[in-house]
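Position 470, counted from 1, in the sequence shown is what the UniProt record's numbering calls 470; the numbers after and before it change by one each time, with no gaps.
Yeah, the Cβ is synthetic: ideal placement off N, Cα and C, and Gly gets one too.
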Amino acid sequence: MTDATPQPQDLYALPADAIREPPHSLASAIRQVGPGLILAASIVGTGELINTTGLGAKAGFTLLWLILLSCVIKVFVQVELGRYAIAHGKTTLAAFDTLPGPRAGASWICWCWLIMMLTTQAQIAAMEGTVGQAAHMAFPRASEAMAGAAGSLVPGWGAFLATRQEYIWAGLTTVAAIVLLLSGGYRRLELITTILVAAVTLFTVASVAILQWTSFRITAADLGRGFTFSFPAAAIGLAFSAFGITGVGASELVAYPYWCIEKGYARSTGPRDAGDAWAARARGWIRVMQLDAWFSMLVFTVATVAFYLLGAAVLNPQGLDPKGADMIPTLSRMYLQPLEGTPLEVLRPLTRVGFLLGAWAVLFKTLYVATAANSRLTVDFLSLAGFYRPAGPAQRDRMVKVFCVIYPALALGLYYAFREPQALIKAGGIAQALMLPLIAGAALYLRARDNDRRVGPGRLSDLCTWAATVAITAVAMYSLYGLLGELWAWRSGS
Numbered sequence: 001m002t003d004a005t006p007q008p009q010d011l012y013a014l015p016a017d018a019i020r021e022p023p024h025s026l027a028s029a030i031r032q033v034g035p036g037l038i039l040a041a042s043i044v045g046t047g048e049l050i051n052t053t054g055l056g057a058k059a060g061f062t063l064l065w066l067i068l069l070s071c072v073i074k075v076f077v078q079v080e081l082g083r084y085a086i087a088h089g090k091t092t093l094a095a096f097d098t099l100p101g102p103r104a105g106a107s108w109i110c111w112c113w114l115i116m117m118l119t120t121q122a123q124i125a126a127m128e129g130t131v132g133q134a135a136h137m138a139f140p141r142a143s144e145a146m147a148g149a150a151g152s153l154v155p156g157w158g159a160f161l162a163t164r165q166e167y168i169w170a171g172l173t174t175v176a177a178i179v180l181l182l183s184g185g186y187r188r189l190e191l192i193t194t195i196l197v198a199a200v201t202l203f204t205v206a207s208v209a210i211l212q213w214t215s216f217r218i219t220a221a222d223l224g225r226g227f228t229f230s231f232p233a234a235a236i237g238l239a240f241s242a243f244g245i246t247g248v249g250a251s252e253l254v255a256y257p258y259w260c261i262e263k264g265y266a267r268s269t270g271p272r273d274a275g276d277a278w279a280a281r282a283r284g285w286i287r288v289m290q291l292d293a294w295f296s297m298l299v300f301t302v303a304t305v306a307f308y309l310l311g312a313a314v315l316n317p318q319g320l321d322p323k324g325a326d327m328i329p330t331l332s333r334m335y336l337q338p339l340e341g342t343p344l345e346v347l348r349p350l351t352r353v354g355f356l357l358g359a360w361a362v363l364f365k366t367l368y369v370a371t372a373a374n375s376r377l378t379v380d381f382l383s384l385a386g387f388y389r390p391a392g393p394a395q396r397d398r399m400v401k402v403f404c405v406i407y408p409a410l411a412l413g414l415y416y417a418f419r420e421p422q423a424l425i426k427a428g429g430i431a432q433a434l435m436l437p438l439i440a441g442a443a444l445y446l447r448a449r450d451n452d453r454r455v456g457p458g459r460l461s462d463l464c465t466w467a468a469t470v471a472i473t474a475v476a477m478y479s480l481y482g483l484l485g486e487l488w489a490w491r492s493g494s
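Here you go:
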């Protein structure tokens, strides 16, 4: 008797019957865009809503140039990793596993990724906590009712939750994310994230546009100060953390080829061979990937710059900084205060609801996408290291779902333990900043070692990738210097 249970499609295999010719028109190529929008959903999240607005609040307009540089420069490394995945049919960690150097089951750089990924769970913790704050602000009576119900069930919980009502919503958000992650695959992920990215980006850009009819309007002189290429001393540490976390971060760089493979770019290209037909297909699908990467860059750059401008224009003049338990109220004030005393004041109730829904969408989608990516990469790492080798796609999918439960639960515990979103985000940002030069260096090494000239980058792309690597390394060295300084001060008791 045969097992009639249908097996899921192996999205990481390269069967001959999956080969397809690349699109030949811009319109048909745009229909193949998707992995970059998933990436944008991850990027336009905690870092932008909290760290980027916090940077604008501290530095004013002075660091606008750094935000733009951070968004643009790292895409060249992203494209090289995507190119390698399409040309070789390998995931990022599988490619990294071929690098020379020490091994402990898997390559040293794969272990570095694992440490970085576990550290960035602090950022996921911040997302869950901040979503809890936003939901509590939107539904305070529901918060009180749930805290009271908890107190009637377990003695002492009512008093405890009365001062921590965001804990309830953070827990509910975590459960909602887990349920959604367990119930869908790539296509649902792409659909949900595309809708949320579009909604959040439009709302934030509209909020910046509305400033021009208020006392917080942005002038040409303000924008000019954003391109003096200087660092205010009080915001240097936050600036380098922002470089690590805004734009394409280390986590997104490693995850992007996985989304490209699941979308079908590598499957459609087929296994590499010496024929001209394969080279033509590869070049075509690499062009689609480049369109996807640069289109998503435009989306997340517009959103990131909008968040920064809101912080610089509204929070900086008042000396406000979004942090701690008052972070969401401070961010809410950033959207609402400019409307006071203007004809637009009638929009305040609508804007408040829009902000709270937008904050929820920004943070929830990042939690959703980051967990989906981290779970896939963890299973890949376990396979490469020899700890767990799934027999097929069904086993791999089951293990991915296990981590889709573990990681959100772990992050929730971190938030309950530390309760300071900005500090959690900064810790994750520093970890990503330190990992970035390793990823950029690995991309350059893989391209030099395995480059197929038929599908290789041009000289301009080469130059920009090297420039990105130098900039990324400089940021990482500064972050390391600052981290060592803080550790030394802590050890000395100062």
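Environment of Asp97 [buried if 16+ CB atoms lie within 10 Å]: Counting from 1 along the sequence shown, the entry for residue 97 is found at position 97. Counting Cβ neighbours within 10 Å, Asp97 comes out buried, since at least 16 surround it.
Per-residue DSSP class, three states only, for Ser183: Working through the sequence shown from its first residue, we reach residue 183 at position 183. Three-state result, Ser183: coil.
Distance between Tyr308 and Ile50 (C-alpha atoms, nearest Å): Residue numbering aside, residue 50 sits at position 50 when the sequence shown is read from its first letter. Residue numbering aside, residue 308 sits at position 308 when the sequence shown is read from its first letter. Going from the Cα of Ile50 to the Cα of Tyr308 covers about 10 angstroms.
C-alpha distance - Glu48 paired with Arg396, whole-angstrom precision: Walking along the sequence shown from the start, residue 48 turns up at place 48. Walking along the sequence shown from the start, residue 396 turns up at place 396. Approximately 33 angstroms between the Cα atoms of the pair.
Candidates Met327, Val305, Gln212 and Ala373: closest to Thr130 by CA position: Numbered from its first residue, the sequence shown carries residue 130 at position 130. Thr130 has its Cα closest to that of Met327, out of Met327, Val305, Gln212 and Ala373.
In DSSP terms, what Arg103 is bridged to: Taking the sequence shown and counting its residues from 1, one reaches residue 103 at position 103. BP columns for Arg103 point to Ser107.
Helix, strand or coil at Ile192 according to DSSP, with G and I counted as helix: Against the sequence shown, residue 192 aligns to sequence position 192. Helix at Ile192.
Cut-off 8 angstroms between Cβ atoms - residues of its own chain near Pro23, not counting five sequence neighbours on either side: On the sequence shown, residue 23 is found 23 positions in, with the first residue counted as 1. Answer for Pro23: Ala29, Arg31, Gln32, Gly284 and Val288, listed in chain order.
Anticipated Cβ contact below 8 angstroms, Ile178 with Leu344, distance rounded: For this step, residue 178 is matched to residue 178 along the sequence shown. For this step, residue 344 is matched to residue 344 along the sequence shown. Going by Cβ atoms, the distance from Ile178 to Leu344 rounds to 40 angstroms, so no, they are not a contact pair.
Residue nearest to Glu166 in terms of C-alpha spacing, selected from Arg272, Leu182, Ser183 and Ala145: The residue given as residue 166 occupies position 166 in the sequence shown. Of the candidates Arg272, Leu182, Ser183 and Ala145, the one whose C-alpha sits nearest the C-alpha of Glu166 is Ala145.
Ranges of the alpha helix (DSSP H) found wholly within the segment 276 to 357, counting only runs of at least 4: 276 to 310 and 327 to 336
Whole-Å CB distance - Thr91 paired with Ile261, under 8 angstroms assumed: Walking along the sequence shown from the start, residue 91 turns up at place 91. Walking along the sequence shown from the start, residue 261 turns up at place 261. So it is a contact: roughly 7 angstroms between Cβ atoms.
Euclidean distance between Cα positions of Leu189 and Asp222: As a first step, residue 189 is located in the sequence shown; it is residue number 189 there, counting from the start. As a first step, residue 222 is located in the sequence shown; it is residue number 222 there, counting from the start. Answer to the nearest angstrom: the Cα atoms are 39 angstroms apart.
Lys90, DSSP secondary structure in three states: Stepping through the sequence shown from its first residue, residue 90 is reached at position 90. Coil, per DSSP.
Start and end residues, alpha helix (DSSP H) containing Val33: Numbered from 1 along the sequence shown, position 33 holds the residue referred to as residue 33. Neither: Val33 is in no alpha helix (DSSP H) and is coded neither H nor E.
Collapsed DSSP secondary structure at Phe139 in the structure displayed: Position 139 of the sequence shown, counted from the start, is the residue given in the question as residue 139. In this structure, Phe139 counts as coil in the three-state DSSP scheme.
Distance CB(Phe61)-CB(Ala312) smaller than 8 angstroms: Along the sequence shown, read from residue 1 onward, the residue named residue 61 stands at position 61. Along the sequence shown, read from residue 1 onward, the residue named residue 312 stands at position 312. Yes.
Stretch-stretch touch, CB-based, cutoff 8 angstroms, three pairs: the segment 120 to 127 with the segment 452 to 471: no
Close-in-space but distant-in-sequence residues of the same chain around Pro15 (CB under 8 angstroms, 5 per side omitted): Working through the sequence shown from its first residue, we reach residue 15 at position 15. Once the five neighbours on either side are set aside, the close Cβ partners of Pro15 are Arg267.
With 16 other Cβ atoms within 10 Å as the buried cut-off, status of Arg453: Position 453 of the sequence shown, counted from the start, is the residue given in the question as residue 453. Counting Cβ neighbours within 10 Å, Arg453 comes out exposed, since fewer than 16 surround it.
DSSP three-state assignment for Pro393, whether helix, strand or coil: Taking the first residue of the sequence shown as 1, we reach residue 393 at position 393. If DSSP states are grouped into helix, strand and coil, Pro393 belongs with the helices.
At least three beta-carbon pairs within less than 8 angstroms, the segment 101 to 117 to the segment 247 to 260: yes
Beta-carbon spacing of Pro393, Pro8 below 8 angstroms: By 1-based counting over the sequence shown, the position of residue 393 is 393. By 1-based counting over the sequence shown, the position of residue 8 is 8. In contact: Pro393 and Pro8 (Cβ atoms closer than 8 angstroms).
Rounded C-alpha distance that separates Tyr478 from Phe229: The residue given as residue 478 occupies position 478 in the sequence shown. The residue given as residue 229 occupies position 229 in the sequence shown. The straight-line gap from Cα to Cα measures roughly 17 angstroms.
At least three beta-carbon pairs within less than 8 angstroms, the segment 357 to 368 to the segment 189 to 208: yes
8 angstroms contact criterion, which Thr304 and Val44 should meet: CB distance rounded: The residue labelled residue 304 in the question sits at position 304 within the sequence shown. The residue labelled residue 44 in the question sits at position 44 within the sequence shown. Thr304 to Val44, Cβ: 7 angstroms. Contact.
Cβ-Cβ distance between Leu412 and Ala476 below 8 angstroms: On the sequence shown, position 412 is the one that residue 412 refers to. On the sequence shown, position 476 is the one that residue 476 refers to. Going by C-beta atoms, Leu412 is not nearer than 8 angstroms to Ala476.
Nearest candidate by alpha-carbon position, reference Tyr415, set Ala274, Arg164, Leu357 and Ala176: To locate residue 415, count along the sequence shown from 1; it is residue 415. Of the candidates Ala274, Arg164, Leu357 and Ala176, the one whose C-alpha sits nearest the C-alpha of Tyr415 is Arg164.
Extent of the continuous alpha helix (DSSP H) to which Trp259 belongs: Here residue 259 refers to the residue found at position 259 when the sequence shown is read from its first residue. Trp259 -> alpha helix (DSSP H) spans Ala250 to Lys263.
Leu64: first and last residue of the uninterrupted alpha helix (DSSP H) it sits in: As a first step, residue 64 is located in the sequence shown; it is residue number 64 there, counting from the start. Looking at the DSSP string, the run of the alpha helix (DSSP H) that includes Leu64 is Leu64 to Ile73.
Burial state of Tyr335 (16 or more Cβ within 10 Å): In the sequence shown, counting from the first residue as 1, residue 335 sits at position 335. Under this definition Tyr335 is a buried residue.
Local conformation of Thr371 per DSSP, three classes: Numbered from its first residue, the sequence shown carries residue 371 at position 371. Thr371 falls in the helix class under three-state DSSP.
Nearest to residue 495 (by Cα), restricted to the options Ile430, Leu64 and Pro338: A question about residue 495 goes unanswered here, because the residues of the chain that appear run from 1 up to 494.
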